[in-house]
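FYI, in the working numbering the residues of the sequence shown are 6 to 319. Remarks on the structure that follows.
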Amino acid sequence: MATTRRALTIPKDETEAELTLGGRRVKLTNLGKIFWPARAITKRQLLQYYADVSPWLLPHLRDRAMVMKRYPNGANGKCFFMKRVPEPHPDWLETCSIDHKSGNVIAFPVINDLASLLWVVNLGCIDLNQWYARCDDVDRPDYLHFDLDPVKKGGVTFRKVLDAALVVRDALESLGTKPLVKTTGSAGAHMYVPIVRGPTQKQVWTFAKALAHALAAKHPKLLTAEYRVAERPAGRVLVDYNQNAWGRTLASIYSPRPRPRASVSTPLTWKEVEKGVKIEDFRIDNVPTRLRKLGDLWKPLLAARGRFDLERVL
6 MATTRRALTI PKDETEAELT LGGRRVKLTN LGKIFWPARA ITKRQLLQYY
56 ADVSPWLLPH LRDRAMVMKR YPNGANGKCF FMKRVPEPHP DWLETCSIDH
106 KSGNVIAFPV INDLASLLWV VNLGCIDLNQ WYARCDDVDR PDYLHFDLDP
156 VKKGGVTFRK VLDAALVVRD ALESLGTKPL VKTTGSAGAH MYVPIVRGPT
206 QKQVWTFAKA LAHALAAKHP KLLTAEYRVA ERPAGRVLVD YNQNAWGRTL
256 ASIYSPRPRP RASVSTPLTW KEVEKGVKIE DFRIDNVPTR LRKLGDLWKP
306 LLAARGRFDL ERVL
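Here is the structure:
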């Protein structure tokens, strides 16, 4: 059983707070602002959630560029993406410079510690979207992933998404990989495979595309790999391989999502997938307790051993 003490407590009766964490000063603002109106969840509660899960979350974010998806008016408001770290920003905030296709070099924020995490969340980032490769070589991912997304037409249930995950799992395991699964916190599931760093992003994407199309051809009543939205058949689960493409990101592990019940992208055991769960089973109010009980089910994504050598099948 894994346990940890609360990292810190965000002040409850203040609209602003200034904290010193590891010698770094972080100013938190608009703490009383409602971010989930349906459940009266405030920005303070969002920040407290991230502080509570930070011991398990931070290892998955370290040394990776962070694409900021900002919801300044909460889950029901409009959001916008921001790549370049805004000015002004703390001089202690680490950044990762990546060449953009426009020819510009963009400095993304990097979340290596609790101060950086709270600073980014304070900007209104409900969910976190980190790069698929580390900053020392942004073109060589250390995992490949699939986004299992229910096609909007046809009333696909989450049970069907979980059935799709089992099919993809079996295919990946037959290759010798050890896939991991989590809810997206929104409507689908994410599957990740830790790989030995070496193949380029384009090679990882090419492999993922080939596997997705092969599985869709083998299970046409359950899966589709159709890229064009209008051409996707109703009632299927999309095996989205395109999230492995350059610059694409997925909501990170333990990210809350802008859904009415503040559901969280949460790792599952394969027994839970087989038995069945609901997206809404995992929320801001109960995921920290689950983590204290089970620990990080996605530790294998961080481990040096047990990674799949993708070059063997390229």
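Using N, Cα and C, we set each Cβ at its ideal position, and we do this for glycine too.
Under a three-way DSSP split, which group does residue 24 fall into?
-> strand
Based on Cα-Cα distance, which residue from 169, 180, 89, 185 lies nearest to residue 223?
-> 169
Kindly indicate the opening and closing residues of the alpha helix (DSSP H) around residue 212.
-> 206-223
Could you round the C-beta distance between residue 147 and residue 139 to whole angstroms and report it? I think they count as a contact, below 8 angstroms.
-> 7 angstroms
CB contact flag (residue 205, residue 72, <9 angstroms) = no
Please state if the CB of residue 313 and the CB of residue 214 are separated by a distance shorter than 9 angstroms.
-> no
Chain-order list of residues whose beta-carbon lies under 8 angstroms from that of residue 315 (same chain, five-residue window excluded) = 149, 200, 201, 203, 204, 208, 209, 212
The beta strand (DSSP E) enclosing residue 86, as first and last residue numbers = 85-87
To the nearest angstrom, how far is it from the Cα of residue 197 to the Cα of residue 137?
-> 11 angstroms
Outcome for residue 161 when other beta-carbon atoms lying within 10 angstroms are tallied against a minimum of 16 = buried
Do you know offhand how far residue 287's Cα is from residue 88's?
-> 28 angstroms
Which listed residue (305, 126, 117) has its alpha carbon closest to that of residue 185 | 305
Classify residue 195 as buried or exposed, calling it buried when 16 or more other Cβ atoms lie within 10 Å of its own Cβ.
-> buried
On the three-pair Cβ rule with 8 angstroms, is the stretch 217-233 touching the stretch 79-88?
-> no
Note down, in chain order, each residue of its chain lying with its Cβ closer than 6 angstroms to the Cβ of residue 7, except the 5 sequence neighbours on either side.
-> With a pLDDT of only 47 at residue 7, under 50, the local geometry of the prediction cannot be trusted, and the value read off the model is given with reservation. 300, listed in sequence order.
Would you kindly work out how many angstroms separate the C-alpha atoms of residue 123 and residue 45, rounded to a whole number?
-> 20 angstroms
For residue 127, which residues from the same chain have a beta carbon less than 6 angstroms from its beta carbon, with the 5 sequence-adjacent residues on both sides left out?
-> 33
Identity of the residues DSSP links to residue 3 by a beta bridge = Since the displayed the chain opens at 6 and closes at 319, residue 3 lies outside it and no answer follows.
Cβ-based neighbour list, residue 111, same chain, cut-off 6 angstroms, excluding 5 preceding and 5 following = 88, 89, 103, 105
Check whether residue 283 and residue 86 have beta carbons under 9 angstroms apart = no
What distance in whole Å lies between the Cβ atoms of residue 272 and residue 289, which are believed to be in contact at a cut-off of 8 angstroms?
-> Between residue 272 and residue 289 the Cβ distance is about 16 angstroms, and since that is not below 8 angstroms, they are no contact.
Have a look at residue 171 and residue 242 and give me their C-alpha separation to the nearest angstrom.
-> 12 angstroms
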